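Going left to right, the sequence shown walks through residues 242 to 685 as our numbering numbers them.
The beta-carbon is built from N, C-alpha and C at its ideal position, and this holds for glycine as well.
Just so you know, these numbers come straight off a predicted model, no measurement behind them.
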Amino acid sequence: MKKVYIETMGCQMNKSDTERMLGMLSYMGYEETKEPEQADLLIVNTCSIRQLSEDKAFSQLGVWGKWKHEKVDFKTIKIGISGCVAQQKAESIFKRAPYVDFVLGTHKIYALPEIIERINKGKRVCECTETNATEDNLAKNYDIKRVKGVNAWIPITEGCNNFCTYCIVPYTRGRERSRLPELIIKEAKDALNEGFKEITLLGQNVDSYGKDFKDRNYRLADLLRELNAIDGEFRIRFVTSYPTDITDELIKTVVELDKVCEYFHIPMQSGSSEILKAMNRRYDRQTYAQIVQKVRDMVPDVTITSDFIAGFPGETEEQFQETLTAIDEFELDYSNLAAYSPREKTVAARWTDKFIPEDIKDERFQRLNKKVQENCLKSNLKYVGREMEVLIENFYEHKGKMINTGKTRNFKTVHIPCDKDMTGEFVNVKITGAKTWYLQGEIK
Ligand code: SAH
Ligand code: SF4
Ligand code: F3S
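Put into structure tokens, the structure is as follows:
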């Protein structure tokens, strides 16, 4: 059997694409290896959300290119690049990295088997045509090779129509399109039969799910209801929610359905209404506040997390401080942070006269980071003394003690010292302490 190694960068969407590629490759007679030195085929599945992610992709290719060039045993290896950098840079990658055998964009991952046949005949292939279709109908022969674990990720929408001025995703993933519920439900059932205990539905904007269906009126709440009705003990989550697209019906559905967890990821991006406008986000600070308040009022113990960008072009110190105060005021439980990075083709990348110097961006990032840590601890402290259901995800040794770690329904990580490996089990835990990034618990 031939061996393939895939290095996956970026978000869950890419991780999910990797699982699909491994499925197709196994059908083609390739077996996955975790050792790149042993592979006949090396693929880097790339992310281009920030410049740094793009640079990482090329440096990975560079390492493999050097092997192919310099090591006798590596002359016949094949090297491919997929994902968002591939989609964005297409043929130009061959110039920069001439040792690359194929470039596979995000729209055409189901062309992989055909590409492999062609490169094995000595051809060089670039397949980056934008189709803006979900290609699921072509995929019926292939199973997904899921990374073993507790949580299965299932994409429900691909692409994005929002065109936030900083973001490259609409250019790398194309227009928003929904996958058919039949396919999603089948994938969920297969994952549950394989032993997964949690299904996370994935999309840039999950609340848009179904808007593009012409033959049916079927939205995220309907999908959640159908998934919730599947037999067995498991949890359901969904990410990411665009603030103004969260409907009352969706919030009610979350409360009503026993398997759907009390967790919303609602990126705000900035606390300043002016910056939000410049970002082309369709809400201001007050509207975001009202949405978060509504979710908190309706969903007991809900965890709300967010994303923020530090140093967006033109951001003043005062506007930055509005982001700091937003994290406190809206009691955001946790936030992902990034310093603004100009991206090719995006609108904000043209505002070079308004770019914030790197040292100021870094300093703002650090201040945000401190704020996020403070709030995370504050949020965790609320749960000390409570009894919570934890789904165990990992079992490992830490400082001579065995620990089970897992998540509560509301997405808090809990560490539980216990000698028995309980991975995949739902356990009732008494919360005995809180740290910045996790809760400590004891089995009841
Ligand atoms: N669809 C999601 C976000 C997907 S991208 C949403 O609308 O919220 C994930 C995160 O990357 C974004 O939330 C944003 O905070 C960050 N990001 C995107 N483009 C960026 C850029 N050019 N520079 C820095 N951070 C960026
Ligand atoms: Fe990017 Fe905005 Fe789409 Fe999110 S909603 S993927 S930030 S363009
Ligand atoms: Fe994901 Fe990065 Fe692409 S965040 S959608 S892999 S640009």
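- The Cβ neighbour count for ASN621, taken over all protein chains shown within 10 Å, is at least 16; the residue is labelled buried.
- Listed in chain order, the non-local C-beta contacts of VAL496 below 7 Å within the same chain comprise MET539, VAL540, local neighbours out to five positions each way being set aside.
- Rounded to whole angstroms, the separation of the alpha carbons of LYS611 and GLU435 is 41 Å.
- If only complete runs of 4 or more residues are kept, the stretch 321-391 shows the alpha helix (DSSP H) at 325-330, 333-337, 353-361, in order along the chain.
- The straight-line gap separating the alpha-carbon atoms of ALA519 and TYR637 is approximately 46 Å.
- Cβ contact annotation for MET254 (same chain, cutoff 7 Å, sequence separation greater than five): PRO396, LEU443, in chain order.
- Along the stretch 445-526, the beta strand (DSSP E) occurs as fully enclosed runs of 3 or more residues at 476-480, 504-506, listed in sequence order.
- Put simply, the stretch 346-354 touches the stretch 314-329. At least three CB pairs are less than 8 Å apart.
- Within the chosen limit of 7 Å, the ligand F3S reaches the beta carbon of ASN255 through at least one heavy atom.
- Spatial neighbours of TYR268 in its own chain (CB-CB distance under 6 Å, excluding positions within 5 residues in sequence) are listed in chain order as TYR383.
- Distances taken from the Cβ of ALA567 to the heavy atoms of the ligand SAH include none shorter than 7 Å.
- According to the DSSP secondary-structure assignment, VAL668 is paired through a beta bridge with VAL631.
- Annotation: PRO658 is outside any alpha helix (DSSP H); the continuous beta strand (DSSP E) that includes it extends over 654-658.
- For GLN301, the uninterrupted alpha helix (DSSP H) segment begins and ends at 292-311.
- The beta carbon of GLU559 sits closer than 6 Å to no other beta carbon from its chain once the five residues preceding and following it are set aside.
- Counting along the chain, the unbroken beta strand (DSSP E) around PHE549 starts and ends at 544-551.
- Annotation: the continuous beta strand (DSSP E) that includes MET643 extends over 642-649.
- Sorting VAL655, VAL536, LEU632 by C-alpha distance to the C-alpha of PHE437 places LEU632 at the top.
- When only Cα atoms are considered, LYS244 and GLY303 end up about 20 Å apart.
- Taking C-beta atoms as the reference points, LEU468 and ILE477 count as a pair closer than 8 Å.
- Relative to the non-hydrogen atoms of the ligand SF4, the Cβ of ASN616 never comes closer than 7 Å to any of them.
- At least 8 Å separates the beta-carbon of GLY674 from that of VAL655.
- Residue pairing by DSSP places GLN681 opposite HIS656, GLY674 in a beta bridge.
- In the DSSP assignment, ARG418 is bridged to GLU399.
- Counting along the chain, the unbroken beta strand (DSSP E) around ILE284 starts and ends at 282-287.
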